[in-house]
Amino acid sequence: MLQNLFGKVLSALKNWQGALKAYQTANQLDLTDQETIRGLAEVCFNLQDWPGALTNFQKVLTALEEHDTEQRAYVYYKLGCIKQAQGQPKQAINNFEKALQVDPSHRPTLEAMVSLYDQAKDFQQVCHYKRIILDNVFDGEERYKMLVDIGDIWGDGARGKTSTKAIEAYDEALELKPTDHVLLHKMLQVCQAAQQWERMNDTLQRIADLETNPERKSKYFFTMAQIYRDHLQDPERAVDLFNSALDLNPAYLEAFERINKILTAQKDFKQLERAYRKMLHRLTSFQRDEVGTQKKVDVLYSLWHALGLIYRDRLLEKPKAIEAFKFASGLRPNDATEHLILSELYDDAGQLDEAASEYQAILKIDPMQVDPYRRLYDVYLRKNAIDEAWNLAAALTFFGKADDEARTFFESARPKGLPQVKARLDNDSWLRLLFHEDESLYVGKVFEFIAPAALRAKLEQMKAKNEVPVLDARFRQDPATSTVTFARTFGWAVNVLGLPMPQLYVRSDVPGALSYVPVDPYASLAGSTVLQGFSAQELLFIVGKHAAFYRGEHLIRAHFPTVTELTVLFFAGVKLVAPDQPVPPDLLNQVIATAQSLGRFMQPIHVEGLKMAVRKFIQDDNARANIKRWSQTVELTSTRAGFVLSGDLDVAKKIIAAEPQLPGDLTPQEKLKELLVFSVSDSYFRLRKVLGLDIKGA
Numbered sequence: 003m004l005q006n007l008f009g010k011v012l013s014a015l016k017n018w019q020g021a022l023k024a025y026q027t028a029n030q031l032d033l034t035d036q037e038t039i040r041g042l043a044e045v046c047f048n049l050q051d052w053p054g055a056l057t058n059f060q061k062v063l064t065a066l067e068e069h070d071t072e073q074r075a076y077v078y079y080k081l082g083c084i085k086q087a088q089g090q091p092k093q094a095i096n097n098f099e100k101a102l103q104v105d106p107s108h109r110p111t112l113e114a115m116v117s118l119y120d121q122a123k124d125f126q127q128v129c130h131y132k133r134i135i136l137d138n139v140f141d142g143e144e145r146y147k148m149l150v151d152i153g154d155i156w157g158d159g160a161r162g163k164t165s166t167k168a169i170e171a172y173d174e175a176l177e178l179k180p181t182d183h184v185l186l187h188k189m190l191q192v193c194q195a196a197q198q199w200e201r202m203n204d205t206l207q208r209i210a211d212l213e214t215n216p217e218r219k220s221k222y223f224f225t226m227a228q229i230y231r232d233h234l235q236d237p238e239r240a241v242d243l244f245n246s247a248l249d250l251n252p253a254y255l256e257a258f259e260r261i262n263k264i265l266t267a268q269k270d271f272k273q274l275e276r277a278y279r280k281m282l283h284r285l286t287s288f289q290r291d292e293v294g295t296q297k298k299v300d301v302l303y304s305l306w307h308a309l310g311l312i313y314r315d316r317l318l319e320k321p322k323a324i325e326a327f328k329f330a331s332g333l334r335p336n337d338a339t340e341h342l343i344l345s346e347l348y349d350d351a352g353q354l355d356e357a358a359s360e361y362q363a364i365l366k367i368d369p370m371q372v373d374p375y376r377r378l379y380d381v382y383l384r385k386n387a388i389d390e391a392w393n394l395a396a397a398l399t400f401f402g403k404a405d406d407e408a409r410t411f412f413e414s415a416r417p418k419g420l421p422q423v424k425a426r427l428d429n430d431s432w433l434r435l436l437f438h439e440d441e442s443l444y445v446g447k448v449f450e451f452i453a454p455a456a457l458r459a460k461l462e463q464m465k466a467k468n469e470v471p472v473l474d475a476r477f478r479q480d481p482a483t484s485t486v487t488f489a490r491t492f493g494w495a496v497n498v499l500g501l502p503m504p505q506l507y508v509r510s511d512v513p514g515a516l517s518y519v520p521v522d523p524y525a526s527l528a529g530s531t532v533l534q535g536f537s538a539q540e541l542l543f544i545v546g547k548h549a550a551f552y553r554g555e556h557l558i559r560a561h562f563p564t565v566t567e568l569t570v571l572f573f574a575g576v577k578l579v580a581p582d583q584p585v586p587p588d589l590l591n592q593v594i595a596t597a598q599s600l601g602r603f604m605q606p607i608h609v610e611g612l613k614m615a616v617r618k619f620i621q622d623d624n625a626r627a628n629i630k631r632w633s634q635t636v637e638l639t640s641t642r643a644g645f646v647l648s649g650d651l652d653v654a655k656k657i658i659a660a661e662p663q664l665p666g667d668l669t670p671q672e673k674l675k676e677l678l679v680f681s682v683s684d685s686y687f688r689l690r691k692v693l694g695l696d697i698k699g700a
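In terms of this note's numbering, the sequence shown is residues 3 to 700.
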């Protein structure tokens with residue numbers, strides 16, 4: 003008995019060799035002692051002495067009573083483990099099954115069966131025995147892990163391949179942990195594999211309910227909508243869910259595309275119109291400039307344009323179509339398509355003023371299109387706007403595209419000689435009707451207040467170099483009393499334009515055209531080039547364009563025509579009254595020197611005016627010191643002035659083409675395009691009425 007006890011102690015200490023010797027000694031002393039035989043069996047098992055373990059466990063088994071179920075199950079379990087270790091899986095299973103016959107819930111045996119079938123890749127049996135184990139597992143965490151494991155096996159395409167049983171297992175696990183995000187996503191996968199779309203959407207809804215990030219949540223609604231559309235044949239519910247996705251994330255444009263396709267296919271255009279309105283409302287409060295991968299303004303444009311098409315072509319609601327296209331056009335004012343659509347809609351609705359405005363907008367984008375001129379001509383005829391129609395006939399004739407009626411109409415009132423005017427242009431007419439739209443008034447005002455000082459400084463420099471021009475008083479002409487045609491034309495033009503009359507010198511013996519002479523007071527010199535060979539309309543254009551530079555804002559450009567000179571002068575003027583304002587670094591030295599030179603000749607009244615002009619320039623967010631563009635727009639304004647007086651596009655084209663060009667100037671073609679747009683603009687029509695040049699109807 004002492005050897006038996008010694009074997010137990012050594013076994014407890016895991017001294018298996020010592021325990022073996024002790025038990026063997028005890029067994030020799032008493033071959034029938036069951037406790038010793040059991041000890042030998044356990045020691046041999048731990049020493050992986052499978053024959054010894056097998057023999058001794060078999061002896062233990064034969065000695066056990068039928069009612070000793072716990073021990074019998076244990077011994078069969080051990081015998082099964084021995085056979086498994088000996089590479090005899092069938093005999094192992096046989097013994098494990100006997101253990102389970104004795105005790106169906108014997109956990110070690112059940113786990114051994116799971117392991118054995120897992121090795122055999124018989125995953126159906128693996129799940130079967132895991133389920134049996136699960137029947138006696140009451141700990142929530144353990145049950146959850148086992149259910150997830152069973153679900154993972156059934157849902158694995160390489161193992162269980164039975165998605166429906168995976169769903170059952172995951173369902174039970176979700177009862178234990180209904181908010182487990184990972185498990186819910188596993189459920190999604192098996193539902194999709196099983197094509198259980200309703201269950202998949204239920205799971206998506208549960209995930210969405212847990213999600214706090216709007217953009218991620220919107221993706222779940224999008225997927226649910228796709229399922230309703232593609233698998234459950236419920237497009238109405240799909241539209242609702244796509245809308246829910248967009249409510250959460252207005253940038254999810256793919257969702258809106260799906261709505262558009264569904265409702266268009268159903269021809270539910272009223273619902274489609276509401277969808278577009280809702281989308282526009284969402285984006286109105288959307289704070290980012292990017293919507294998905296697109297600019298917000300581009301998305302808004304596309305939505306308004308498409309909504310306009312729905313109203314126009316599907317719902318036949320023309321007034322609403324007009325409103326939608328107006329919004330689209332406002333977002334892309336240089337898109338001729340929107341203006342063309344609007345012009346046609348206005349025309350159909352009899353809104354001829356609005357139609358005319360749209361045709362004019364098209365011509366601003368591309369003045370060389372002939373069709374808008376024809377349409378405008380027709381609109382003005384229907385309005386009985388005789389002068390406007392005549393100006394369109396003039397443009398069509400200029401292009402060589404007028405029909406006989408339009409050509410005859412134009413020729414019947416084509417200007418010849420000095421026209422009869424009823425008024426002079428005032429300052430308001432210049433600013434609102436004649437100035438080019440891009441001409442910066444603030445830049446012009448800065449130049450207006452420094453021009454007298456700039457000219458005096460230039461004269462001082464010329465004196466120092468002995469370069470001051472000498473004007474012979476014998477050649478001075480008084481336009482009011484002169485018998486020289488050019489002088490009378492010059493005086494008439496300056497008066498009609500409401501400008502201060504400069505001194506005029508006419509020299510038929512000096513070559514050259516009409517030029518500005520840097521003297522005080524201001525003077526113009528007409529050389530032989532302009533004194534012969536020109537028609538009255540050509541002279542009017544030449545003189546009108548020249549005289550426009552006697553506007554206070556433009557005078558400086560008459561004497562300092564290059565962009566470089568003007569830029570230095572502008573910043574010098576700013577520097578005089580706002581010394582902290584930044585100056586282009588490459589011009590700093592020139593600007594400082596010029597400012598000092600100007601300062602010597604600035605009068606107090608001009609300094610005060612300059613301060614106000616510079617302050618306005620700085621405060622105006624849209625004001626930019628783009629002197630090159632300002633110089634170009636002054637040129638365009640002066641071209642308009644010449645055209646207002648001559649009233650002839652062919653004349654304008656001829657004179658513009660013959661003018662010398664400075665660096666930075668617009669090309670003759672660019673000037674002519676701008677003039678064409680002006681010739682059919684409301685501003686020009688109103689100027690003609692102000693001057694009394696408009697053609698009255700019968």
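Cβ atoms here follow ideal geometry from the backbone N, Cα and C, with glycine treated the same way. In this text, all values refer to a predicted model and were calculated from it rather than measured experimentally.
query	result
Residue environment, G644, which counts as buried when at least 16 other CB atoms sit within 10 Å	buried
Bridge-paired residues (DSSP) for L647	In the DSSP output, where bridge partners are listed per residue, L647 has none listed.
Secondary structure of E356, DSSP reduced to three states	helix
For D380 and L612, the rounded distance between their alpha carbons	49 Å
Three-state secondary structure (DSSP) of K280	helix
Per-residue DSSP class, three states only, for K630	helix
Backbone secondary structure at K418 - three-state DSSP	coil
Local Cβ density within 10 Å of I152, reported as buried at 16 or more and exposed below that	buried
S537 in three-state terms, based on DSSP	coil
Proximity winner among T491, D232 and Q479, relative to P421 (alpha-carbon distances)	T491
Alpha carbon of W52 to alpha carbon of Q88, nearest angstrom	7 Å
Three-state secondary structure (DSSP) of A408	helix
Where the alpha helix (DSSP H) through Y518 begins and ends	Looking at the DSSP string, Y518 is not in any alpha helix (DSSP H); the run it does join, the beta strand (DSSP E), is L516 to V519.
Bridge partner(s) assigned by DSSP for K297	E292
Stretch pair the stretch 683-695 + the stretch 572-592: three plus CB contacts closer than 8 Å	no
Under 8 Å between C-beta atoms of I452 and L571	yes
First and last residue of the uninterrupted alpha helix (DSSP H) at Q505	That residue, Q505, is in no alpha helix (DSSP H); its beta strand (DSSP E) goes Q505 to V508.
Unbroken beta strand (DSSP E) run spanning L589, endpoints	Here L589 belongs to no beta strand (DSSP E), and DSSP marks it neither H nor E.
Beta-carbon proximity check, V576 vs V616, cutoff 8 Å	yes
Exposure label - T286; buried when at least 16 CB within 10 Å	exposed
C-beta atoms of V682 and Q463 nearer than 8 Å	no
The stretch 507-514 in contact with the stretch 381-394 per 3-pair CB rule at 8 Å	no
Unbroken alpha helix (DSSP H) run spanning S117, endpoints	R109 to Q121
Alpha helix (DSSP H) segment containing L612, residue limits	P606 to Q621
CB contact flag (A114, F98, <8 Å)	yes
Every unbroken alpha helix (DSSP H) within the stretch 646-688, with a cutoff of 4 residues, ordered by chain	651-660 and 670-681
Distance between K403 and A396 (C-alpha atoms, nearest Å)	10 Å
Simplified DSSP assignment, three categories, for L81	helix
Whether P181 touches L212 by CB criterion (8 Å)	Reading off the sequence, residue 181 comes out as Thr, not Pro. Contact: yes.
Which of helix, strand or coil DSSP assigns to Q60	helix
Pairwise C-alpha distance: V62 and C46	13 Å
Residue from P586, Q26 and Y382 whose Cα sits closest to the Cα of G352	Y382
Rounded C-alpha distance that separates R553 from L378	33 Å
Pair within 8 Å by beta-carbon distance, V653 and Q539	yes
Selected residue, minimal CA-CA separation from N386, among D35, I697, T57 and L15	I697
Simplified DSSP state of R478, which is helix, strand or coil	strand
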